[in-house]
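Using this note's numbering, the first residue of the sequence shown is number 45, and each one after it goes up by one. Beta carbons: idealized from backbone N, C-alpha and C, even for Gly. On a predicted model such as this, the values are computed, not experimentally measured, just so you know. To start, the structure under review is shown below, and the notes come after it.
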Amino acid sequence: MSLMTAVTSNGEAADVDISQQKSVVMVREPSWLPLNKYEHEGKEVLRITGSMVFGQRCQVHYVDGSKSNEYKQYTDLDALIKRFEFIVYKGYDHDRYYQGEFFTAVPPEDPTEWEHIPPPAVMPLSNAPYSGWRPKHNQIAAWYNAPENAALRATWGAYPEPDEFQTWMGFYAVTNAFLSSTARPAKLVVYT
45 MSLMTAVTSN GEAADVDISQ QKSVVMVREP SWLPLNKYEH EGKEVLRITG
95 SMVFGQRCQV HYVDGSKSNE YKQYTDLDAL IKRFEFIVYK GYDHDRYYQG
145 EFFTAVPPED PTEWEHIPPP AVMPLSNAPY SGWRPKHNQI AAWYNAPENA
195 ALRATWGAYP EPDEFQTWMG FYAVTNAFLS STARPAKLVV YT
């Protein structure tokens, strides 16, 4: 008997007897990410984020869904981003008290489509708008309205129209959940 530990579709580890199998195929998600090309602290990197809103910090997000400890400065991971040749998308929160820049750095292979939002001509006093780069509205909307995201819809309500998106109260939570949704462990599919 020849056993191999595999991750099942529900995320649990299982031993699989591969001695009687004709072929074993590893299906990796996200499939667009090159295997072991971007590694940090022994884990594959999905993206790197940073913020200067409410203080400085940055963090590495891994393919397995985990995150590194937060780094204390916004620029602490700049060398890693440069070494990986990640594409950096920056945005700006225009809150009248806690404004600041933030970024998401992704591998060049990442298929997410991004759009640029110009700064508003007039700043509202509440629900301050965002400007800069963000994933395209229609990609997030389709994901948000999928049945598996009912809990988000229960919390944040109906998905807003494009012109209301940047001032929507769920903007940050839903955008971060969408970006994290591409982080899934590899699946082992055994064909007999």
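What whole-angstrom Cβ distance do residue i and residue j have, given they're in contact under 8 Å?
| i | j | result |
| --- | --- | --- |
| Val-104 | Gly-144 | At roughly 20 Å, the Cβ-Cβ gap does not stay under 8 Å, so Val-104 and Gly-144 are not in contact. |
| Arg-178 | Gly-214 | Not a contact, Cβ separation roughly 13 Å. |
| Ile-92 | Ala-165 | That pair is no contact at about 32 Å. |
Distance check for residue j and residue i, CA to CA, integer angstroms please.
| i | j | result |
| --- | --- | --- |
| Tyr-115 | Glu-85 | 14 Å |
| Gly-109 | Cys-102 | 16 Å |
| Asp-207 | Asp-59 | 50 Å |
| Glu-129 | Ile-161 | 24 Å |
| Asn-80 | Arg-140 | 42 Å |
| Asp-137 | Gly-94 | 13 Å |
| Gln-183 | Gly-201 | 17 Å |
| Phe-146 | Asn-220 | 12 Å |
| Glu-159 | Tyr-133 | 10 Å |
| Leu-90 | Ala-190 | 23 Å |
| Thr-119 | Asn-193 | 33 Å |
| Val-218 | Gly-99 | 21 Å |
| Gly-176 | Pro-163 | 7 Å |
| Glu-205 | Tyr-142 | 25 Å |
| Thr-199 | Tyr-216 | 13 Å |
| Arg-197 | Pro-78 | 33 Å |
DSSP beta-bridge partners for residue i?
| i | result |
| --- | --- |
| Ile-161 | Gly-176 |
| Thr-93 | Gln-103 and Thr-148 |
| Glu-83 | Glu-88 |
| Gly-14 | No statement about residue 14 is possible, as the shown extent of the chain runs from 45 to 236 and does not include it. |
| Tyr-115 | Cys-102 |
Taking a contact to mean a Cβ-Cβ separation below 8 Å, would you say residue i touches residue j in this structure?
| i | j | result |
| --- | --- | --- |
| Pro-126 | Tyr-106 | Per the sequence presented here, residue 126 reads as Lys, with Pro not at that position. No. Outside cutoff. |
| Ala-185 | Tyr-174 | no |
| Phe-222 | His-181 | no |
| Pro-155 | Trp-212 | no |
| Tyr-82 | Pro-151 | yes |
| Glu-225 | Trp-187 | Note on residue identity: the sequence assigns Ser, not Glu, to residue 225. Yes. Within cutoff. |
Return no unless some Cβ of chain D is closer than 8 Å to the Cβ of residue i.
| i | result |
| --- | --- |
| Glu-129 | Any reference to chain D falls outside this structure, which holds one protein chain only. |
Give a single yes or no on whether residue i has its beta carbon closer than 7 Å to a heavy atom of the ligand COA.
| i | result |
| --- | --- |
| Val-89 | Of ligands this structure carries none, so the ligand COA is not represented either. |
Could you name each continuous beta strand (DSSP E) segment of 3 residues or more that falls completely within the segment 174-217, going from the start of the chain to the end?
-> 174-179
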